[in-house]
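Heads up: the sequence lines are chains E and W, in that order.
According to our numbering, the first sequence holds residues 61 to 318 in order.
According to our numbering, the second sequence holds residues 4 to 450 in order.
Glycine included, C-beta positions come from ideal geometry on N, C-alpha and C.
Everything on this sheet refers to the single structure shown next.
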Amino acid sequence: MATKPTLAVWKFASCDGCQLSLLDLEDHLLAIADTVQIAYFLEATRAVIEGPYDVSLVEGSITTANDVDRIKRIRKQSRFLVAIGACATGGGIQAVKNFRKVDDLIGAVYARPDFVDTLSTSTAIKDHVPVDFELRGCPIDRGQLFELLNALLNNRKPLVPTFSQCVECKRAGTVCVMVAHGTPCLGPVTQAGCGNLCPGHDRACYGCFGPTETPNTAAMARRMAALGVATRDVALAFRSFNANADAFRSEGDRHERA
Amino acid sequence: MSALETAAASISPNPSPPRIIKVDALARVEGEGALYVRVRDRQVQDIKFRIYEPPRFFEGLLKGRPFSDAPDITARICGICPIAYLTGASQAMEMALGVTLPPGPLHDLRRMVYCGEWIQSHVLHAYMLHAPDFLGMADAIEIARAHPGVVERGLRMKQLGNRLLEVIGGRACHPVNLKVGGFYRAPTVAEIRALIAPLERAVEDALETIRLFASFDFPNYEDDYTFVALKHPEVYAIEEGRIVNNRGLDLELAEFERHYGEDHVAHSTALQGVLYGDHGPAYLVGPLARYALSYDQLTPLCHQAAREAGMAPVERNPFRSLLVRGIETLYACEEALRLAKGYEEPDRPAVPVTPRAGRGFGCTEAPRGICYHRYDLDDEGRILSARIMSPTAQNQKIIEADLKGVVQRNLDLDDEALKWRCEQTIRNYDPCISCSTHVLTLTVDRD
């Protein structure tokens, strides 16, 4: 019997939701456990197997000096490294601190700032080491996670769309919340993958899958302004779960300075 | 030498090299933690439950943002109990804006989706994270191999909990359909009715689960805990109530911070909850506290299952929290079933809200205990200040106290067994360490 490929799951600054998506694959979980060797997944098992690992899934953003070193060690031990979720691919909601004075933030939460070790920024995994693939979303879509594992086990590229949310709405026949109701919606600049979730619930997309390929954020911002969104709130719309993703960060910058 | 070992060495008064047991990160909890224990002359002298989850500064991030951002942003504190944050933040904002959810479908949907979170979180923790300790196994996959059918039952229940979250909330993790005032879109009657049959099966599965857990061996350990939980006059408190304890303190949410606060200690990035006065500082939130304070409001079937499992109306052994999670899972299934059967579509999916200045409080029973929110808003409805007290932060001192007691009684265990017993002790609290900072390195230093 050939040895099973090894899988490791790592966590940085995050809510744990993305790695728990693996456990949310209820119908497939036991089959996955038969197909791959779960070598490091502290959320699920106290059994630990030494690296190197065939596949590393990395959740969370880099926010401490120690984590800068840790992700480099993980990269060295990993044949294929996948960043999963908005924290790992776009800095996460905690990247909102990149645009604030970190001392003010510590003071808002902690009585003893001198006890707190933190960098002034929250950054994506690819800002520190080469990443072989990214799964977007806050949280990731478990169907995409399953597709990723399936593709890796079969030596092919995962089928993950890079077009915008608008395509999902059109395919699902969902009425456009921006055109029909005048609700400012980030769908045109946001990558698909959630399954048309927010517009399907009569709600505007809030961008949790991060920027799509070549997003026209400037046009998006103009449309939001035309719909009556204050400049300050245009900035805040881009400064959320993918605050440090390039396109969203720079569009946020433009409106924060305005 | 790690920072922790350096710390251990520097506080050791013993010139001979101390016996140090070092263990890598704590498995099967959500987040990252560590434990340091110092033993001298067979006495536990010091215990530090250290959380090294990187801080994420949620209270700071919220400043200046509109009130309507708070539910979705605070949900990201925890991927396993987002409903606790979505609901607590919404409730607090509703108070600040002077609206209340009327009795009826909106109220029922909020409670029903919360039942979904209890089911998925309790089943995940009990079956996949905690049960392996009682069976001496590394994880649920080992259980699946040794006892076919058991883990499958757990996964079936967890999937149903997630389905409730999906039908009402849009997705299982970080649901998108909840907001201040209610929901973006109300589920149809057909969507909710489709949950009835699987919920009926889940009631049976929950009863089987309690029977299974009752067959486990529970380590002997009890303490006279100060239990703190929400209490509601009619139902087992989940999404609303007064904050009460078993020492006679019965508070409105607005009074909470007069009696309870948080300490910031050097060894943890999570603040530690404290109760001021004679019965503090440590107190316990979560299943044991809820069960002790609201036993009477459980259903007849829950009472029967508890009696058959040999449970008393108050359980003071934290290892038996596993059984209480079983009872609460049964309750959540029964309650969701009752609400699903009675569901009718509301006239509108949400109560309208208008921005204004104000202060609001919210508190709900996350699966691992009370989760408290307080916000101040300016006259545009923007957040001036925020305070969030997560359940695991509140439980930190009691976890340390339990660890001290458990280690003291188990000094004869070898290092590996003692380490495992400590992990199990921490897992009694289902600690969501992401929440409290918003895995355990165990260092036992003994002579």
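*Anyone know if the C-beta pair for Leu278 (chain W) and Tyr294 (chain W) falls short of 8 Å?*
The Cβ atoms of Leu278 (chain W) and Tyr294 (chain W) lie no closer than 8 Å to each other.
*Presumed contact (8 Å Cβ cut-off) between Val116 (chain W) and Ile86 (chain W), rounded CB distance*: About 6 Å separates the two Cβ atoms, so the contact holds.
*Reduced DSSP category for Val249 (chain E) - H, G, I as helix; E, B as strand; rest coil*: Here DSSP, grouped into helix, strand and coil, assigns Val249 (chain E) to helix.
*So, does the CB of Leu127 (chain W) fall closer than 8 Å to a CB anywhere in chain E?*
Chain E, which has a Cβ nearer than 8 Å to the Cβ of Leu127 (chain W), makes this yes.
_Just to confirm my understanding: we take Met1 (chain W), look at its own chain, exclude 5 residues before and 5 after, and list those with CB closer than 7 Å. What are they?_
The question about residue 1 (chain W) has no answer here: the residues shown for chain W are numbered 4 through 450.
*Could you spell out where the beta strand (DSSP E) holding Asn248 (chain W) opens and where it closes?*
For Asn248 (chain W), the enclosing beta strand (DSSP E) starts and ends at 245-248.
*Does Asp127 (chain E) come within less than 8 Å of chain W when only Cβ atoms are used?*
Yes, because at least one Cβ of chain W sits closer than 8 Å to the Cβ of Asp127 (chain E).
*Go ahead and pull the three-state DSSP assignment for Ser121 (chain E).*
Here DSSP, grouped into helix, strand and coil, assigns Ser121 (chain E) to strand.
*Using a Cβ-Cβ distance under 8 Å, would Tyr113 (chain E) count as near chain W?*
It does not: the Cβ of Tyr113 (chain E) has no partner Cβ on chain W nearer than 8 Å.
*asked:* To be precise: take each residue of the segment 36-59 of chain W, compare its Cβ to all Cβ atoms of chain E, and keep it if any distance is under 8 Å. Which residues remain?
replied: If the cut-off is 8 Å between Cβ atoms, the segment 36-59 of chain W has Glu56, Pro57, Pro58, Arg59 near chain E.
*With a cut-off of 8 Å, does the C-beta of Cys81 (chain W) fall near any C-beta of chain E?*
Answer yes: the Cβ-Cβ gap between Cys81 (chain W) and chain E drops below 8 Å somewhere.
*Residue from E:Tyr100, E:Thr105, E:Leu296, E:Ala104 with nearest C-alpha to Asp371 (chain E)*: What is shown of chain E runs 61 to 318, which leaves residue 371 (chain E) out entirely.
_Euclidean distance between Cα positions of Gln123 (chain W) and Val170 (chain W)_ = Cα-Cα distance, rounded: 14 Å.
*With 7 Å as the limit, tell me which residues of the segment 163-190 of chain W have their beta carbon closer than that to any beta carbon of chain E; keep them in chain order.*
Of all residues in the segment 163-190 of chain W, Asn165, Gly173, Arg174, Ala175, Cys176, His177, Val179, Asn180, Tyr187, Arg188 have a Cβ within less than 7 Å of some Cβ in chain E.
_Ala389 (chain W), enclosing beta strand (DSSP E) - first and last residue_ = If you look at Ala389 (chain W), you'll find it in the beta strand (DSSP E) that goes 386-392.
*asked:* So that I know if they touch, is there some Cβ in chain W lying closer than 8 Å to that of Ala99 (chain E)?
replied: Not one chain W Cβ lies under 8 Å of Ala99 (chain E).
*asked:* Which residue marks the beginning of the alpha helix (DSSP H) containing Lys478 (chain W), and which one marks its end?
replied: The requested residue 478 (chain W) is not part of the displayed model; chain W covers only 4 to 450.
*Any idea what DSSP makes of Thr428 (chain W), helix, strand or coil?*
When secondary structure is reduced to three states using DSSP, Thr428 (chain W) falls in the helix class.
*With distances taken Cα to Cα, identify the nearest neighbour of Leu64 (chain W) among W:Gly185, W:His306, W:Val42, W:Arg385.*
The candidate whose alpha carbon is nearest that of Leu64 (chain W) is W:Arg385.
*asked:* Classify Asp281 (chain W): buried if its beta carbon has 16 or more other beta carbons within 10 angstroms, exposed otherwise.
replied: In the assembly as shown, Asp281 (chain W) is an exposed residue. Its beta-carbon has fewer than 16 other beta-carbons within 10 Å.
*Note the first and the last residue of the continuous alpha helix (DSSP H) segment covering Thr90 (chain W).*
85-100 is the extent of the alpha helix (DSSP H) around Thr90 (chain W).
*Report the residue from E:Asn276, E:Ala211, E:Ala286, E:Arg317 whose alpha carbon sits nearest the alpha carbon of Leu296 (chain E).*
Looking at the Cα atoms, E:Arg317 is the closest of the given residues.
_I believe Thr367 (chain W) touches Gly91 (chain W) by the beta-carbon criterion, under 8 Å. Please report the beta-carbon distance rounded to the nearest angstrom._
The beta-carbon separation of Thr367 (chain W) and Gly91 (chain W), rounded to 5 Å, stays under the 8 Å limit for a contact.
*Just tell me which of W:Cys425, W:Ala134, W:Thr332, W:His125 has its CA closest to the CA of Val409 (chain W).*
Residue W:Cys425 holds the alpha-carbon nearest to the alpha-carbon of Val409 (chain W) among W:Cys425, W:Ala134, W:Thr332, W:His125.
*asked:* Whole angstroms are fine: how far does the CA of Ile401 (chain W) sit from the CA of Asn256 (chain E)?
replied: Counting only the Cα atoms, Ile401 (chain W) lies some 44 Å from Asn256 (chain E).
*asked:* Once DSSP output is grouped into helix, strand and coil, what is the label at Phe186 (chain W)?
replied: In this structure, Phe186 (chain W) counts as strand in the three-state DSSP scheme.
*Which same chain residues, not among the five before or five after Val192 (chain W), have their C-beta less than 7 Å away from its C-beta?*
Once the five neighbours on either side are set aside, the close Cβ partners of Val192 (chain W) are Tyr346, Glu347, Glu348.
*Going by the CB atoms, is the gap between Val142 (chain E) and Ser116 (chain E) shorter than 8 Å?*
Less than 8 Å separates the beta-carbon of Ser116 (chain E) from that of Val142 (chain E).
*Where the segment 80-108 of chain E meets chain W: residues whose CB sits under 8 Å from a CB there*: Interface annotation for the segment 80-108 of chain E against chain W: Leu80, Ser81, Leu83, Asp84, Glu86, Asp87, Leu89, Leu90, Ala93, Ile98, Leu102, Glu103, Ala104, Thr105, Arg106, Ala107, Val108, criterion Cβ-Cβ distance under 8 Å.
_Beta-carbon proximity of Ala308 (chain W) to Leu340 (chain W), cut-off 8 Å_ = No. Outside cutoff.
*Rounded C-beta distance between Gly120 (chain E) and Arg196 (chain E)? I'm assuming under 8 Å.*
Going by Cβ atoms, the distance from Gly120 (chain E) to Arg196 (chain E) rounds to 14 Å, so no, they are not a contact pair.
*Would you mind stating whether Ile200 (chain E) and Cys78 (chain E) have Cβ atoms separated by less than 8 Å?*
In contact: Ile200 (chain E) and Cys78 (chain E) (Cβ atoms closer than 8 Å).
*Given Ala12 (chain W), which residues of its chain have a CB within under 6 Å of its CB, disregarding the five upstream and five downstream residues?*
Because Ala12 (chain W) carries a pLDDT of 32, less than 50, the predicted location of this residue cannot be relied on, and no value is offered for it.
_Cβ neighbours of Leu234 (chain W) in the same chain (closer than 7 Å, five flanking residues each side left out)_ = The identity of residue 234 (chain W) in the sequence shown is Lys, whereas the question assumes Leu. If we look at Lys234 (chain W) and ignore the five residues flanking it on each side, its Cβ neighbours are Ala240, Gly244, Arg245, Val247, Leu296, Ser297.
_Taking 8 Å as the threshold (C-beta atoms), are Leu213 (chain E) and Thr95 (chain E) in contact?_
Closer than 8 Å, so yes.
*Could you tell me whether the segment 407-421 of chain W touches the segment 99-119 of chain W, using the rule of 3 or more Cβ pairs below 8 Å?*
Using a C-beta cut-off of 8 Å, the segment 407-421 of chain W makes no contact with the segment 99-119 of chain W, since fewer than three inter-stretch Cβ pairs fall below that distance.
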